[in-house]
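For the first sequence, this note's numbering assigns the number 87 to the initial residue and increments by one for each residue that follows.
Yeah, the Cβ is synthetic: ideal placement off N, Cα and C, and Gly gets one too.
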Amino acid sequence: MKLSRQFYSRDAREVSIDLLGKILVHDINGIKLKGRIVETEAYIADLDKASHAYGGRRTARTEALYGKPGISYVFSIYGLYYCFNVITKEEESAEGVLVRALEPVDGLDEIARLRFKTSYDKLTKLQVKNLTSGPSKLCMALNITKENNMEDLCGDKLYIEHDKNEDPNNKFEIVHTKRIGIDYAEEAKDFLWRYYIKDNPYVSKK
DNA sequence: TACGGGATCCACT
DNA sequence: GTGGATCCCGTAT
Numbered sequence: 087m088k089l090s091r092q093f094y095s096r097d098a099r100e101v102s103i104d105l106l107g108k109i110l111v112h113d114i115n116g117i118k119l120k121g122r123i124v125e126t127e128a129y130i131a132d133l134d135k136a137s138h139a140y141g142g143r144r145t146a147r148t149e150a151l152y153g154k155p156g157i158s159y160v161f162s163i164y165g166l167y168y169c170f171n172v173i174t175k176e177e178e179s180a181e182g183v184l185v186r187a188l189e190p191v192d193g194l195d196e197i198a199r200l201r202f203k204t205s206y207d208k209l210t211k212l213q214v215k216n217l218t219s220g221p222s223k224l225c226m227a228l229n230i231t232k233e234n235n236m237e238d239l240c241g242d243k244l245y246i247e248h249d250k251n252e253d254p255n256n257k258f259e260i261v262h263t264k265r266i267g268i269d270y271a272e273e274a275k276d277f278l279w280r281y282y283i284k285d286n287p288y289v290s291k292k
């Protein structure tokens, strides 16, 4: 079952936590690439010097952050990579969740090809671990690019769904810790706004 | 119009 | 653990 607009219409920190264990799906001409979300980070412009929209900064790039909950914000970084966020809370609020790592679930051969140009069964152990264990790795793996910026995740192409195999009696443990790669953000760099599933091998950094 | 740097990854040491 | 890749965007001139 697909996550509803309502799911996204909450504080980015709550959404970050509840996204753990959910399945990100990119439908590429009928081939479904799927990964279980195992690591997220919250960004809340009003409180957060690490946010691209801090201080009400509003440009062509950050426009998605101000959009309605449940749309994507994909930005490019270091000239060659992309990062994927989901927008939360409400229009004009500039809150979002960076999806930092996935555990590959479906479309494994296609994912392996997109990352390493080979089939899944030919991957080394290290390559398997590196398939989706980082924010830009997962974009390469699921073929998420700037073309997917401001995509409505309540649509049929790029969306997030509940994991039907999740066992409600055996809930995973969630670690709350500091975010990555934002040392410039002064006090905000110490906010415990990164969340991950304890002991999952695809988490980008312990 | 120019310049500097980034919510990263990878190869190499 | 370190540095290079590589380009788009934000900010200043």
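Here the alpha carbons of L110 and I103 stand approximately 15 Å from one another. Judged by beta-carbon spacing, L244 lies within the 8 Å limit of H112, meaning their Cβ atoms are closer than that value.
D134 sits buried, since 16 or more C-beta atoms from the chains shown fall within 10 Å of its C-beta. With fewer than 16 neighbouring CB atoms inside 10 Å of its own CB, M87 falls in the exposed class.
Looking only at A128, K223 and T174, the smallest Cα-Cα distance to L166 is reached by K223. Remark: fewer than three beta-carbon pairs, one from each stretch, lie closer than 8 Å, so the stretch 126 to 143 and the stretch 226 to 243 are not flagged as touching. Boundaries of the alpha helix (DSSP H) harbouring E196: L194 to F202, taken from the DSSP string. With a beta-carbon spacing of about 16 Å, V101 and A187 fall beyond the 8 Å limit used to define contacts.
A straight-line Cα-Cα distance of about 14 Å links S179 and R99. When DSSP states are grouped into helix, strand and coil, G153 belongs to the coil group. Residue burial annotation: L89 is buried, with at least 16 other C-beta atoms found within 10 angstroms of its C-beta.
Runs of the beta strand (DSSP E) lying entirely within the stretch 113 to 199 and spanning at least 3 residues, in chain order: 117 to 130, 158 to 163, 167 to 174 and 181 to 192. Note that the C-beta distance between K284 and E252 is not below 8 Å.
When the five nearest sequence neighbours on each side are left out, the beta carbons in the same chain lying within less than 7 Å of the beta carbon of E176 are those of S95 and P155, in order along the chain.
Partner residues in a beta bridge of H248, as assigned by DSSP, do not exist. For I163, same chain residues with a beta-carbon under 8 Å away, outside a window of 5 residues either side, are C169 and S222 in chain order. The beta carbon of L184 lies closer than 7 Å to those of T126, E127, Y129, C169, N171 and P221 in the same chain, with the five residues before and after it left out.
Inter-residue distance for R147 and T210 is about 37 Å (C-alpha atoms, whole angstroms).
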